[in-house]
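Presented below is the structure to which this report refers.
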Amino acid sequence: MDDRKLWKDYAWVNMGSQRREVIKFLSEKPLTAEALRRIINEKGSLKLSLREMSRHLTSFVKHNLAKCLNSDAPYNRLYLITNMGKKIKEKLV
């Protein structure tokens, strides 16, 4: 893995409080945007709308920090953290 990409993505996640919360609760267990939003709203330090959650997950997929397991589905898409996401999560915690 390219260290520059790792640190660039780390900085991108760290710049946003919502992105930090999303990566903190994103797991290896597949979750829908709604399920992850509920977890963050219950256990996290801020509240996210479903629209915000979906937007962040789409960005995480583009940055290779999360993977969508059923991207062709119109609803209830499942997301999980990637190896790159795990490395950034470890550095943030």
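Numbering (my numbering), first residue to last: 4 to 96. By construction, the Cβ of each residue, glycine as well, lies at the ideal position given by its N, Cα and C atoms.
My output table needs one value for residue i: the three-state DSSP class, helix, strand or coil.
| i | result |
| --- | --- |
| Thr61 | helix |
| Val38 | Strictly speaking, residue 38 in this sequence is Ala, with Val absent from that position. Helix at Ala38. |
| Met56 | helix |
| Asp12 | helix |
| Val142 | Only positions 4 to 96 of the chain appear in this structure, which leaves residue 142 out of reach. |
| Asn79 | coil |
| Glu31 | coil |
| Leu95 | helix |
So what does residue i bridge to, in DSSP terms?
| i | result |
| --- | --- |
| Ile84 | Ala69 |
May I ask you to check if the CB of residue i is nearer than 7 Å to at least one heavy atom of the ligand NAD?
| i | result |
| --- | --- |
| Ala36 | Looking at this structure, you won't find the ligand NAD or any other ligand, since it has none at all. |
Counting C-beta neighbours from all protein chains within 10 Å, is the total for residue i 16 or more, i.e. buried, or is it exposed?
| i | result |
| --- | --- |
| Arg18 | Per the sequence shown, the amino acid found at residue 18 is Met instead of Arg. By the neighbour-count rule (16 or more Cβ atoms within 10 Å), Met18 is not buried but exposed. |
| Asp5 | exposed |
| Asp12 | buried |
| Glu2 | Here the chain covers residues 4 to 96 and nothing more, so residue 2 does not appear. |
Rounded to a whole number of angstroms, what is the C-alpha to C-alpha distance between residue i and residue j?
| i | j | result |
| --- | --- | --- |
| Ile26 | Val64 | 12 Å |
| Trp10 | Ser62 | 16 Å |
Cβ contact (3+ pairs, closer than 8 Å) linking the region 60–74 and the region 82–90:
yes
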